[in-house]
Amino acid sequence: MRKKDNSDSYFMQKALNLAKRTKGFTSPNPIVGAVIVKNNKIISSGYHKAAGKPHAEVEAIRKIDKQSLKGASLYINLEPCSHFGLTSPCVDEIIKHKLKQVVISVPDPNPKVNGTSIRKLRKAGIKVSLGLLKNEALRANEVFFKNMLKRSTFVTAKVAQSLDGKIATAKGISKWITSKNSRDFAKSLRDEHDAILVGINTVIKDDPLLKGNKRNPFKVIIDPSLRIKPNSKILKNNPKKVIIFAAKSSKKKAKNIKPGVRVFFLDKNKDSTLSLSKILKILFKLGIMSVFVEGGSFTLGRFFDEKLIDKMHFFISTKIIAGKDALGSISGVGAKNPNFCSKLGDLKIEKIDQDLHIWGYPSY
Numbered sequence: 002m003r004k005k006d007n008s009d010s011y012f013m014q015k016a017l018n019l020a021k022r023t024k025g026f027t028s029p030n031p032i033v034g035a036v037i038v039k040n041n042k043i044i045s046s047g048y049h050k051a052a053g054k055p056h057a058e059v060e061a062i063r064k065i066d067k068q069s070l071k072g073a074s075l076y077i078n079l080e081p082c083s084h085f086g087l088t089s090p091c092v093d094e095i096i097k098h099k100l101k102q103v104v105i106s107v108p109d110p111n112p113k114v115n116g117t118s119i120r121k122l123r124k125a126g127i128k129v130s131l132g133l134l135k136n137e138a139l140r141a142n143e144v145f146f147k148n149m150l151k152r153s154t155f156v157t158a159k160v161a162q163s164l165d166g167k168i169a170t171a172k173g174i175s176k177w178i179t180s181k182n183s184r185d186f187a188k189s190l191r192d193e194h195d196a197i198l199v200g201i202n203t204v205i206k207d208d209p210l211l212k213g214n215k216r217n218p219f220k221v222i223i224d225p226s227l228r229i230k231p232n233s234k235i236l237k238n239n240p241k242k243v244i245i246f247a248a249k250s251s252k253k254k255a256k257n258i259k260p261g262v263r264v265f266f267l268d269k270n271k272d273s274t275l276s277l278s279k280i281l282k283i284l285f286k287l288g289i290m291s292v293f294v295e296g297g298s299f300t301l302g303r304f305f306d307e308k309l310i311d312k313m314h315f316f317i318s319t320k321i322i323a324g325k326d327a328l329g330s331i332s333g334v335g336a337k338n339p340n341f342c343s344k345l346g347d348l349k350i351e352k353i354d355q356d357l358h359i360w361g362y363p364s365y
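Quick note on numbering: the sequence shown equals residues 2 to 365 in this note's numbering.
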């Protein structure tokens, strides 16, 4: 029989696993899990479920009596908060209940916190340890860290393609290239993001709803000439969740847009496209902390050309579509030399039915 692991890493991994349960649902807050340990046993745990709800450490503390908490250790993947927001400071709750030790993966990058709670805990005589499972903790809250450190929206992109890199046949048929399980998994990734972004060609061709499994993210459409049809499913479903970016020259067409839809008019680039950087800046100001770019080929190519993708998912089937007029998964200007093209780092690969799911972080 395998011996049960009660090491510090084991307890922190438990905290991280709890945190990951609500990825995307706590925005604009980070995902956080907490485990309370006494006599080398977990006596309570909790995780942050949504913005405005109790934070992980408070949820764990409130589950057990004060006497049990005295002298216990807290394992948490992110530094406890020290400021008033929708909830009161967690650090005060920890000090009040006289915990002996707090083990933290990484400091909070929020300028309102960033080390304040760590100093406060130590001043109160509580032992603080830092850096346990640091890399995993940083990846778990990659959206929050980019939001705080770069004041910008985290961009994830997704492609579902054939083995030879196609997303549609020469006749434009794309349903279905990957398996149902791959499509379901890709749909679940939408739940981790505040918005799904597509180009107008995808909306016109596929007439998608762009829903998640458990969440209904914002829908962002890049539509320079405002060609979207008033009867599009995406407009009928929940217009208040739709954001369209169009060129200033198409303002006259705005009268055809359904009430509730937000339309932002931008200047065109020299090639008649709209600035993706400007679009992302507007989305960040609107409180959209992460965006899931689903296509099409032209839109994905532009994001790669402008080096704006933070994370990339490829779902690759064993099908070979072939044909010189079949649509490639990512267009754009592309790399001039194979030695200087984008690469995916920190690569992960898994098999879903007969498909491959490959994901990682582009380096440009």
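The beta-carbon is built from N, C-alpha and C at its ideal position, and this holds for glycine as well.
Query raised in the report: When burial is assigned at 16 or more other CB atoms within 10 Å of the CB, is Leu150 buried or exposed?
Result: Per the 10 Å Cβ criterion, exposed.
Query raised in the report: Helix, strand or coil for Arg3 per DSSP?
Result: Reliability fails at Arg3, whose pLDDT of 43 lies under 50, so the model's placement of it is uncertain and no value is given.
Query raised in the report: For Glu295, does the count of other Cβ atoms within 10 angstroms reach 16, so buried, or fall short, so exposed?
Result: With 16 or more other Cβ atoms within 10 Å, it is buried.
Requested in this report: Flag this pair as touching only if the segment 45-58 and the segment 88-105 have three or more C-beta atom pairs under 8 Å; answer yes or no.
Outcome: The segment 45-58, when compared against the segment 88-105, does touch it at the 8 Å Cβ threshold.
Requested in this report: Taking all protein chains shown into account, decide if Phe341 is buried (16 or more other Cβ within 10 angstroms of its Cβ) or exposed.
Outcome: A residue is called buried once 16 or more other Cβ atoms fall within 10 Å of its Cβ, and Phe341, having fewer, is exposed.
Query - Start and end residues, beta strand (DSSP E) containing Ser45 - result: According to the DSSP assignment, Ser45 belongs to the beta strand (DSSP E) that extends over 42-48.
**Report entry** Residue environment, Lys241, which counts as buried when at least 16 other CB atoms sit within 10 Å
**Finding:** Label assigned to Lys241: exposed.
Query - Whole-angstrom C-beta distance between Pro209 and Lys234, which should lie under 8 Å - result: Cβ-Cβ separation between Lys234 and Pro209: approximately 7 Å, consistent with a contact (criterion under 8 Å).
Query raised in the report: Taking C-alpha atoms, which residue in Asp66, Ser83, Ala196, Leu348 lies nearest to Trp360?
Result: Nearest C-alpha to Trp360: Leu348.
Report task. Below 6 Å CB to CB, which residues in the same chain sit around Asn148 once its five sequence neighbours on both sides are set aside? Result -> Same-chain partners within the cutoff: Met290.
Report task. Whole angstroms is fine: what's the gap from Pro339's alpha carbon to Pro363's? Result -> The straight-line gap from Cα to Cα measures roughly 15 Å.
Requested in this report: Would you check if there are 3 or more beta carbon pairs closer than 8 Å linking the segment 269-276 to the segment 131-140?
Outcome: Below 8 Å, too few C-beta pairs join the segment 269-276 and the segment 131-140 to call them touching: fewer than three.
**Report entry** Segment contact, 8 Å Cβ cut-off, at least three pairs: the segment 322-331 with the segment 154-172
**Finding:** Contact between the segment 322-331 and the segment 154-172 is established, with three or more Cβ pairs separated by less than 8 Å.
Query raised in the report: So, Ser74 versus Asp356, is the Cβ gap smaller than 9 Å?
Result: Between Ser74 and Asp356, the CB-CB gap reaches or exceeds 9 Å.
Query raised in the report: Roughly how far, in whole angstroms, is the beta-carbon of Ile244 from the beta-carbon of Arg263, given that I think they are within contact range, below 8 Å?
Result: For a cut-off of 8 Å, the C-beta gap from Ile244 to Arg263 is around 5 Å, short enough to register as a contact.
Query raised in the report: Where do the ends of the alpha helix (DSSP H) carrying Val59 lie?
Result: Start and end: 57-63.
Query raised in the report: For the candidate residues Val144, Ile62, Pro90, Lys99, whose alpha-carbon lies nearest to that of Lys71?
Result: The candidate whose alpha carbon is nearest that of Lys71 is Lys99.
Query raised in the report: Around the C-beta of Ile321, are 16 or more other C-beta atoms found within 10 angstroms, so that it is buried, or is it exposed?
Result: Answer is exposed; the Cβ neighbour count stays below 16.
**Report entry** CB contact flag (Arg191, Lys176, <9 Å)
**Finding:** Their beta carbons are not under 9 Å apart, which means Arg191 does not touch Lys176 by this criterion.
Report task. Check the DSSP bridge columns for Trp436 and list the partner residues they point to. Result -> It is not possible to answer for residue 436, since the shown part of the chain is limited to 2 through 365.
Query raised in the report: Who are the Cβ neighbours of Arg3 in its own chain at under 6 Å, not counting the five residues just before and after it?
Result: Here Arg3 scores only 43 on pLDDT, less than 50, and its place in the model is too uncertain to base an answer on.
Query raised in the report: Roughly how many angstroms lie between the CA atoms of Lys269 and Phe246, to the nearest whole one?
Result: Rounded to whole angstroms, Lys269 to Phe246 spans 11 Å at the Cα level.
Query - Through-space distance from Thr154 to Lys282, alpha-carbon basis - result: Their backbone Cα atoms lie some 8 Å apart in a straight line.
Query raised in the report: If you draw a straight line from the C-alpha of Asn18 to the C-alpha of Pro31, how long is it?
Result: Our two residues, Asn18 and Pro31, have alpha carbons roughly 14 Å apart in a direct line.
Requested in this report: Report the partner residues of Thr157 according to the DSSP bridge assignment.
Outcome: DSSP output for Thr157 lists Phe293, Lys312 as bridge partner(s).
Requested in this report: Express the C-alpha separation of Lys128 and Met13 in angstroms, rounding to a whole number.
Outcome: CA-to-CA, the gap between Met13 and Lys128 works out to about 16 Å.
Query raised in the report: Just the Cα atoms here: how many angstroms apart are Arg123 and Ile258?
Result: Separation of Arg123 and Ile258 (C-alpha to C-alpha, rounded to the nearest whole angstrom) is 57 Å.
Query raised in the report: Which of helix, strand or coil does DSSP assign to Ile96?
Result: Correct three-state label for Ile96: helix.
Query - C-beta atoms of Ile223 and Thr300 nearer than 9 Å - result: The Cβ atoms of Ile223 and Thr300 lie closer than 9 Å to each other.
Requested in this report: For Ser45, I'd like the list of residues in its chain whose CB is within less than 6 Å of its CB, leaving aside the five on either flank, ordered along the chain.
Outcome: Beyond the five residues adjoining it in sequence on each side, Ser45 comes within less than 6 Å, by CB distance, of Ile37, Ala61, Lys64, Ile65 in the same chain, given in chain order.
**Report entry** Spatial neighbours of Phe145 in its chain, beta-carbon cut-off 6 Å, leaving aside the 5 residues before and after
**Finding:** Excluding sequence neighbours, Phe145 sits near Pro31.
Query - Close Cβ partners of Ser83 (< 7 Å) along its chain, the five nearest in sequence each way excluded - result: Taken in chain order, the residues that qualify are Pro90, Val92, Val114, Thr117, Ser118, Lys121.
Report task. Return helix, strand or coil for Ala248, following the three-state DSSP convention. Result -> In the structure shown, Ala248 sits in a strand (DSSP, three-state: E or B).
**Report entry** For Ser318, the nearest candidate out of Ser28, Leu164, Ala20, Phe305 (CA to CA)
**Finding:** Ranked by Cα distance from Ser318, the first of Ser28, Leu164, Ala20, Phe305 is Leu164.
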